[in-house]
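Q: One structure is given below, represented as structure tokens, and several questions about it will come after.
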């Protein structure tokens with residue numbers, strides 16, 4: 024099965040389940056060469072599951088039950104875990120929101136950037152030179168000093184810059200950014216978004232940007248896919264979807280964007296989930312027991328003092 028020559032990656036009818044619970048249901052996605060596609064939706068909509076599937080990092084509890092992921096003449100759903108080693112970090116790279124799990128705490132920043140070049144048949148000196156160039160590309164200050172530092176010695180923004188440097192170092196065809204600014208303050212968020220846009224244009228890759236921040240999608244992305252309960256609600260160019268949304272979910276999602284909230288105290292729109300009733304039924308008995316038995320722990324008039332050092 025071949026994808027369209029105009030697309031860097033295509034997803035057709037992808038269904039993923041955790042046990043019996045579907046996380047994605049017949050998802051379709053097209054990522055054009057050199058384009059930035061935003062994946063938006065509330066927490067639990069399936070955004071990160073989709074991103075993980077594209078790079079072969081689904082947990083053991085997840086299973087692809089249907090569909091195809093077409094990339095570079097291959098169906099990624101048919102590739103074993105070992106086969107992904109030639110793709111991950113080389114042809115498809117990811118920047119995650121959790122830099123602590125993305126970086127090895129016992130390796131220096133320099134070792135991280137050198138290790139990722141394991142496929143390259145060049146000497147350590149050349150790899151170190153490339154590592155410095157990668158840090159320069161993400162505007163990291165004090166390069167020589169940073170190479171010898173460990174992840175815990177860097178700030179949150181600096182750790183994210185290192186993660187981005189690692190992701191773009193091998194000039195991938197597709198860069199996946201899974202909520203890369205979630206743990207950063209507003210100022211750093213703006214800087215990281217600008218950096219990703221700059222690097223994406225420089226290396227000419229396609230980018231998939233997973234986020235719940237609609238303002239970022241508006242400023243960064245060419246296309247957008249709206250997910251809810253693992254189902255694509257609508258997809259298309261950002262301007263068309265955001266200015267003329269067709270699905271009720273997209274309309275309500277846009278109404279929840281802080282930029283569109285004029286009445287600060289008004290109630291935000293909500294939508295029920297097909298699993299909400301099941302969860303309520305299971306939890307109702309537990310809630311009744313908790314109410315009948317009273318509090319498990321109760322604290323009154325507690326005072327805590329610390330001695331001066």
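Residue numbers (the working numbering): 24 to 332.
Every residue gets a Cβ at the ideal spot worked out from N, C-alpha and C, and that includes glycine.
Because the structure is a prediction, the values reported are computed rather than measured.
1) Could you say if the region 128–137 and the region 166–180 meet the contact criterion of at least three C-beta pairs nearer than 8 angstroms?
2) Quick test of your reading: residue 204 and residue 216, contact by CB under 8 angstroms. State the CB separation rounded to the nearest angstrom.
3) Check whether the Cβ atoms of residue 229 and residue 188 sit closer than 7 angstroms, and answer yes or no.
4) In whole angstroms, give me the CA-to-CA distance for residue 141 and residue 42.
5) Which of the three DSSP states is assigned to residue 302 in this structure?
6) Closer than 6 angstroms by C-beta to residue 37: which residues in its own chain qualify, once you throw out the five before and the five after it? Chain order, please.
7) Would you mind listing the alpha helix (DSSP H) stretches within the region 168–201 that are 4+ residues and don't spill past its ends, in chain order?
8) What are the start and end residues of the alpha helix (DSSP H) that includes residue 238?
9) If I'm right that residue 122 touches residue 182 with Cβ under 8 angstroms, what's the distance once you round it to whole angstroms?
10) If you reduce the DSSP assignment to three classes, tell me which class residue 109 lands in.
11) Look at the alpha carbon of residue 118 and the alpha carbon of residue 267, and state the distance between them as a whole number of angstroms.
12) Measuring alpha carbon to alpha carbon, tell me which of 124, 112 and 278 ends up nearest residue 138.
13) So for residue 152, helix, strand or coil by DSSP?
14) DSSP three-state label for residue 138, please.
15) Looking only at DSSP bridge pairs, what is residue 232 linked to?
16) Can you round the beta-carbon distance between residue 197 and residue 54 to whole angstroms, since I take them to be within the 8 angstroms contact cut?
17) Please go through the same chain and pick out, in chain order, the residues whose beta-carbon is closer than 6 angstroms to the beta-carbon of residue 125, but skip the five residues on each side of it.
18) In chain order, what residues of the same chain have a beta carbon less than 7 angstroms from the beta carbon of residue 107, not counting five sequence neighbours either side?
19) Have a look at residue 65 and residue 147 and give me their C-alpha separation to the nearest angstrom.
20) Here's a check: name, in chain order, each residue in its chain whose Cβ is nearer than 6 angstroms to the Cβ of residue 61, leaving out the five neighbours to either side.
21) Rounded to whole angstroms, what's the CA-CA distance from residue 319 to residue 256? Just pull it up for me.
22) Measuring straight from C-alpha to C-alpha, what distance separates residue 177 and residue 74?
23) Could you pull out every residue in the same chain whose Cβ sits closer than 8 angstroms to the Cβ of residue 104, ignoring the five residues on either side in sequence?
24) Excluding the five sequence neighbours on either side, which residues of its own chain have a C-beta within less than 6 angstroms of the C-beta of residue 223, listed in chain order?
25) Name the residue from 81, 34 and 69 whose alpha carbon lies nearest to the alpha carbon of residue 93.
26) Who are the Cβ neighbours of residue 59 in its own chain at under 7 angstroms, not counting the five residues just before and after it?
27) Residue 184 and residue 226 look like a contact to me (Cβ under 8 angstroms); what is the Cβ gap, rounded to whole Å?
28) Distance, Cα to Cα, residue 160 vs residue 330?
29) How many angstroms separate the CA atom of residue 87 from the CA atom of residue 218?
A: Taking the geometry as given:
1) yes
2) The residue labelled residue 204 in the question sits at position 181 within the chain shown. The residue labelled residue 216 in the question sits at position 193 within the chain shown. Right, the Cβ-Cβ distance comes to about 7 angstroms (below 8 angstroms), so this counts as a contact.
3) Counting from one through the chain shown, the residue named residue 229 turns up at place 206. Counting from one through the chain shown, the residue named residue 188 turns up at place 165. Contact flag unset, no.
4) What you label residue 141 is simply residue 118 of the chain shown in a count that begins at 1. What you label residue 42 is simply residue 19 of the chain shown in a count that begins at 1. Residue 141 and residue 42: Cα-Cα distance of roughly 36 angstroms.
5) For the purposes of this step, residue 302 is identified with residue 279 of the chain shown, where counting begins at 1. Reliability fails at residue 302, whose pLDDT of 45 lies under 50, so the model's placement of it is uncertain and the value that follows must be treated cautiously. Of the three classes helix, strand and coil, the one that applies to residue 302 here is helix, per DSSP.
6) Your numbering for residue 37 matches position 14 in the chain shown. Only 47, 50 and 90 meet the Cβ criterion.
7) 179–191
8) In the chain shown, residue 238 corresponds to position 215, counting from 1. Run containing residue 238: 237–243, per the alpha helix (DSSP H) assignment.
9) Working through the chain shown from its first residue, we reach residue 122 at position 99. Working through the chain shown from its first residue, we reach residue 182 at position 159. 4 angstroms between Cβ atoms; contact.
10) Numbered from its first residue, the chain shown carries residue 109 at position 86. Residue state, collapsed to three classes: helix.
11) Taking the chain shown and counting its residues from 1, the one referred to as residue 118 is at position 95. Taking the chain shown and counting its residues from 1, the one referred to as residue 267 is at position 244. Cα to Cα, residue 118 sits roughly 31 angstroms from residue 267.
12) Locating residue 138 in the chain shown gives position 115, counting from the first residue. Nearest option by C-alpha distance: 112.
13) In the chain shown, residue 152 corresponds to position 129, counting from 1. DSSP places residue 152 in the helix class (H, G or I) of the three-state scheme.
14) Numbered from 1 along the chain shown, position 115 holds the residue referred to as residue 138. Residue state, collapsed to three classes: helix.
15) The count along the chain shown starts at 1 and reaches residue 232 at position 209. According to DSSP, residue 232 bridges with 61 and 200.
16) Within the chain shown, the letter at position 174 stands for residue 197. Within the chain shown, the letter at position 31 stands for residue 54. Rounded, the Cβ-Cβ distance is 7 angstroms, consistent with contact.
17) Position 102 of the chain shown, counted from the start, is the residue given in the question as residue 125. Around residue 125: 119 and 186.
18) Stepping through the chain shown from its first residue, residue 107 is reached at position 84. These residues qualify, in order along the chain: 79.
19) Numbered from its first residue, the chain shown carries residue 65 at position 42. Numbered from its first residue, the chain shown carries residue 147 at position 124. Approximately 44 angstroms, taken between the alpha carbons.
20) Here residue 61 is taken as the residue at index 38 of the chain shown, counted from 1. Hits under 6 angstroms: 232, 240, 244 and 247.
21) For the purposes of this step, residue 319 is taken as the residue at position 296 of the chain shown. For the purposes of this step, residue 256 is taken as the residue at position 233 of the chain shown. So the alpha carbons of these two residues sit roughly 43 angstroms apart.
22) Mapped onto the chain shown, residue 177 falls at position 154. Mapped onto the chain shown, residue 74 falls at position 51. Cα to Cα, the separation comes out at about 26 angstroms.
23) What you label residue 104 is simply residue 81 of the chain shown in a count that begins at 1. So the qualifying residues of the chain are 79.
24) Your numbering for residue 223 matches position 200 in the chain shown. Result list for residue 223: 230, in chain order.
25) Within the chain shown, the letter at position 70 stands for residue 93. Taking only the C-alpha atoms, the option nearest residue 93 is 34.
26) On the chain shown, residue 59 is found 36 positions in, with the first residue counted as 1. Correct list, in chain order: 223, 230, 232, 243, 244 and 245.
27) If you number the chain shown from 1, residue 184 lands on position 161. If you number the chain shown from 1, residue 226 lands on position 203. Wrong, their Cβ atoms sit about 16 angstroms apart, outside the cutoff.
28) Position 137 of the chain shown, counted from the first residue, corresponds to residue 160. Position 307 of the chain shown, counted from the first residue, corresponds to residue 330. Between residue 160 and residue 330, the C-alpha separation is close to 48 angstroms.
29) On the chain shown, residue 87 is found 64 positions in, with the first residue counted as 1. On the chain shown, residue 218 is found 195 positions in, with the first residue counted as 1. The alpha-carbon atoms of residue 87 and residue 218 are separated by roughly 33 angstroms.
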